[in-house]
Every structure is written in C-alpha cells, then in structure tokens.
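Residue 189 in the UniProt record's numbering sits at position 189 of the sequence shown; the count goes up by one each step and never skips.
Glycine residues also receive a C-beta, built at the ideal position from the N, C-alpha and C atoms.
Only a predicted model underlies this, so the values are computations on that prediction, with no experimental measurement involved.
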Amino acid sequence: MSTSTSTSRLQSPGDRNLKNVVLGDLLFKPWYQSIYPEDLVAKDADRLYVCRWCFRYSCDSESFAAHTQVCEHRTTPPGTKVYDHGGYAVWEVDGEQHKLFGQNLSLFAKLFLDHKTVFFDVATFFYYILTFTNPENAGNYHVLGFYSQEKLSWDANNLACICVFPPYQHRQLGKLLMGVSYKLSGWDSPGGYIGGPEKPLSDLGQKSYNRFWAERIARYLLRDKHREDAAQVTPTNQTLLRNARNLSAKL
Numbered sequence: 001m002s003t004s005t006s007t008s009r010l011q012s013p014g015d016r017n018l019k020n021v022v023l024g025d026l027l028f029k030p031w032y033q034s035i036y037p038e039d040l041v042a043k044d045a046d047r048l049y050v051c052r053w054c055f056r057y058s059c060d061s062e063s064f065a066a067h068t069q070v071c072e073h074r075t076t077p078p079g080t081k082v083y084d085h086g087g088y089a090v091w092e093v094d095g096e097q098h099k100l101f102g103q104n105l106s107l108f109a110k111l112f113l114d115h116k117t118v119f120f121d122v123a124t125f126f127y128y129i130l131t132f133t134n135p136e137n138a139g140n141y142h143v144l145g146f147y148s149q150e151k152l153s154w155d156a157n158n159l160a161c162i163c164v165f166p167p168y169q170h171r172q173l174g175k176l177l178m179g180v181s182y183k184l185s186g187w188d189s190p191g192g193y194i195g196g197p198e199k200p201l202s203d204l205g206q207k208s209y210n211r212f213w214a215e216r217i218a219r220y221l222l223r224d225k226h227r228e229d230a231a232q233v234t235p236t237n238q239t240l241l242r243n244a245r246n247l248s249a250k251l
C-alpha cells in the first residue's frame, strides 16, 4: 500500500524531474520523480500547473489559466457524495466512468507516493476524493487528498493507496479517510466483513494505521459503559485503562 499522509523523506534533486508543482494557487515541491509524458511535461520543467478540480496539467501558465475558467468540475466534483460533515465531503468516483480524471489524479499523486504503480488502468478502481468547502463560499471547494480502492479485491482490501496533498497535511485528514474506508466497507453493518488496506504496508502506512487503531482501542476502553467494569475486574484491566487514558491524551 502506498501512503502519503505526513512529511516524507525527499529524494535528492537529481532524482526528481520537476522543480515545482502549482495546484490551483498553491506552489510546492514534488517528493518523487514525475512520470508525466515527457512530450507534454519537459524533464527539466520548472513548474507544472495542475487544475485543483480535475487535475489536468500543463507547463504553460496561459493554457492553465484558460482551462480553469471552463473546467467542468469547478463547482462540483465528479462522482457521488458518500460523506459530508463540517464542510468536509468525500466523493466516490468510478474510474471507469471518469477515466481521464482518475488518470490525471494518479499521475499527480505519484509525485508524493513512492510506490504507486497504477496510473492509466483506472477502470478497476474507485477513487474517494476528500474535499473541503467553506460554508461562506459554497461554490468554491478544494480537493485535499484521496484514497483508492479496487472494485474487486480477493483479500477484501478496502484501501489501495492514500494521499493527503502536502499543503493539507498535519490536519488528521489521513485518519478521516481511513475511517471513511472502514465505514463504507461495512464497519457498522450487521455481519459486515471488515477488510483492511492493501499489503505490504509502507513504513509510513504502518505508522498511520497503528496510530488509527491505537486511538480506536483507546476510545473503546474509555467508553463510559466499560470504564466502571474495567476498573473493578482485575489489575490487568486497570493497567489497560490507565494506558488507554495516557494514549488518548497523546493522540
């Protein structure tokens, strides 16, 4: 599984063929080597302009500006909304129905994912796009990151890769996406089978999931209906409860 949810070790400048990427009006550096077609994106390009709504790309600022005025997704993301809370929303995008969107998103994500391997054969994937909309400007949304999921996974994986874009990291958005992935895969369904992320996990992915589940376990142990029972049963349960409180305070 490829994961990009916090600052990662950058490759040396010689390993990257893009100096900067512009997402909407945000400029930042890629982490890993670009695999954009070289006939469209020069190997020594100083800036790559990427549409923040559909992820189409250009090295020409004028072409980029012209596209943003007519982008078909500038007011509404593609796909179907499956999560909505506090201005954050997740949209399910079928890679077969929105092939170009899936390809462009995958090419962009590769700049921040070391081991991502699927870029063009997107028809077999769902893409879950995380957006934020300021209530005071409902027509202006931002794509913050995404996770992908194979439509047919023999191992019941509910997540293939996950990426929170660098400008939006350190906001616990990776945890939000992980939670949505479990929710949609039957977390709360009676008899629902709970899958997990595609393996092997990257080091960063392992840390992210360890933190996610540590918080879930801590919350479970600290629930009111368990607190009194745990405190009365055994010294072991008392130790678990104490550790859960300490862990909860750090998360």
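> Relative to the C-alpha of V90, which residue among E62, L176, N157, S185 is closest?
Replying inline: Start at 1 with the first residue of the sequence shown, and residue 90 comes out as number 90. Shortest Cα-Cα distance from V90 to any of E62, L176, N157, S185 involves L176.
>> Please report the straight-line C-alpha distance between D203 and N210, rounded to a whole angstrom.
In response: Start at 1 with the first residue of the sequence shown, and residue 203 comes out as number 203. Start at 1 with the first residue of the sequence shown, and residue 210 comes out as number 210. C-alpha separation (whole angstroms): 11 Å.
> Since E150 sits in a beta bridge, which residues does DSSP pair it with?
Replying inline: Against the sequence shown, residue 150 aligns to sequence position 150. E150 is bridged to F125.
> Hey, Y127 and L113: beta-carbon distance below 8 Å or not?
Replying inline: Here residue 127 refers to the residue found at position 127 of the sequence shown. Here residue 113 refers to the residue found at position 113 of the sequence shown. No Cβ-Cβ contact shorter than 8 Å links Y127 with L113.
>> Looking at G95: is its Cβ nearer than 8 Å to the Cβ of F119?
In response: Numbered from its first residue, the sequence shown carries residue 95 at position 95. Numbered from its first residue, the sequence shown carries residue 119 at position 119. Against a cut-off of 8 Å, the Cβ pair of F119 and G95 comes out as no contact.
> Measuring CA to CA, which of Q97, P167, E72, R47 is closest to E62?
Replying inline: For the purposes of this step, residue 62 is identified with residue 62 of the sequence shown, where counting begins at 1. Of Q97, P167, E72, R47, the residue nearest in Cα terms is R47.
> DSSP on K43, reduced to helix/strand/coil?
Replying inline: Position 43 of the sequence shown, counting from 1, holds the residue named residue 43. Per DSSP, reduced to three states, the secondary structure at K43 is coil, with no helix or strand assignment.
>> Mapping the DSSP letters down to three states, classify E62 as helix, strand or coil.
In response: In the sequence shown, counting from the first residue as 1, residue 62 sits at position 62. E62 falls in the helix class under three-state DSSP.
> Grouping DSSP H, G and I as helix and E and B as strand, with all else coil, what is T68?
Replying inline: Position 68 of the sequence shown, counted from the first residue, corresponds to residue 68. Looking at T68 - three-state DSSP - the assignment turns out to be helix.
> Looking at the unbroken alpha helix (DSSP H) that takes in F108, where does it start and where does it end?
Replying inline: Within the sequence shown, residue 108 is the residue found at index 108, counting from 1. Where F108 is concerned, the enclosing alpha helix (DSSP H) starts and stops at 99 to 109.
> For V143 versus R52, is the C-beta spacing smaller than 8 Å?
Replying inline: Position 143 of the sequence shown, counted from the start, is the residue given in the question as residue 143. Position 52 of the sequence shown, counted from the start, is the residue given in the question as residue 52. The answer is yes: Cβ separation under 8 Å.
>> Check this for me: beta carbons of L23 and F165, under 8 Å apart or not?
In response: Counted from its first residue, the sequence shown places residue 23 at position 23. Counted from its first residue, the sequence shown places residue 165 at position 165. Result yes, Cβ atoms of L23 and F165 sit closer than 8 Å.
> Roughly how many angstroms separate the alpha carbons of V122 and G79, rounded to a whole number?
Replying inline: To locate residue 122, count along the sequence shown from 1; it is residue 122. To locate residue 79, count along the sequence shown from 1; it is residue 79. Going by the C-alpha atoms only, they are around 14 Å apart.
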